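Visitor: This is the structure I have questions about; it appears just below.
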């Protein structure tokens, strides 16, 4: 295999490989990416799920909740002034309306329905968003 190199403005080096080495380079690239992915998984630790409240009074849960702090979530990466509005729906369901002002000044909204997972405690909800 032969290589030819040339410098452009002393900063960028272009390498051209000859004699069918493209397949070898592709295999090396795939192997390198696979090793990086596996290295990332080694440092991951499993954590126990956070405990839920023993019981939730849904009538006190209903209303507007303003966000004062949060863990970073990808869907809120450009949000400020976030709030959630919960309402009672028929069939023991809860209406969910989330909104925030984006960093560009527009209002971002998401609407959904929450269903109680465990009716004995009301402490876990399954939420489905429409948008």
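Numbering (the numbering used here), first residue to last: 14 to 144.
From the three backbone atoms N, C-alpha and C, an ideal C-beta is built for every residue, glycine too.
Just so we're clear, the structure is a prediction, and the values are computed from it rather than from any experiment.
Give a yes or no on whether the C-beta atoms belonging to residue 82 and residue 106 are separated by under 8 angstroms.
Guide: Counting from 1 along the chain shown, the entry for residue 82 is found at position 69. Counting from 1 along the chain shown, the entry for residue 106 is found at position 93. Result no, Cβ atoms of residue 82 and residue 106 do not sit closer than 8 angstroms.
Visitor: Name the residue from 123, 93 and 136 whose alpha carbon lies nearest to the alpha carbon of residue 116.
Guide: Working through the chain shown from its first residue, we reach residue 116 at position 103. Residue 116 has its Cα closest to that of 93, out of 123, 93 and 136.
Visitor: Taking 8 angstroms as the CB-CB limit, is residue 50 close to chain B?
Guide: No chain B is present in this structure, which holds just one protein chain.
Visitor: Considering Cα atoms alone, identify which of 44, 137 and 101 is closest to residue 129.
Guide: Residue 129 sits at position 116 when you count from the first residue of the chain shown. Among 44, 137 and 101, the Cα nearest to that of residue 129 belongs to 137.
Visitor: What does the alpha-carbon distance come out to for the pair residue 132 and residue 66?
Guide: Your numbering for residue 132 matches position 119 in the chain shown. Your numbering for residue 66 matches position 53 in the chain shown. One C-alpha to the other measures close to 13 angstroms.
Visitor: Is residue 139 helix, strand or coil by DSSP?
Guide: Against the chain shown, residue 139 aligns to sequence position 126. In the structure shown, residue 139 sits in a strand (DSSP, three-state: E or B).
Visitor: Which residues mark the beginning and the end of the alpha helix (DSSP H) in which residue 134 is found?
Guide: As a working note, residue 134 is residue 121 in the chain shown. Premise fails: residue 134 is in no alpha helix (DSSP H) and is neither H nor E.
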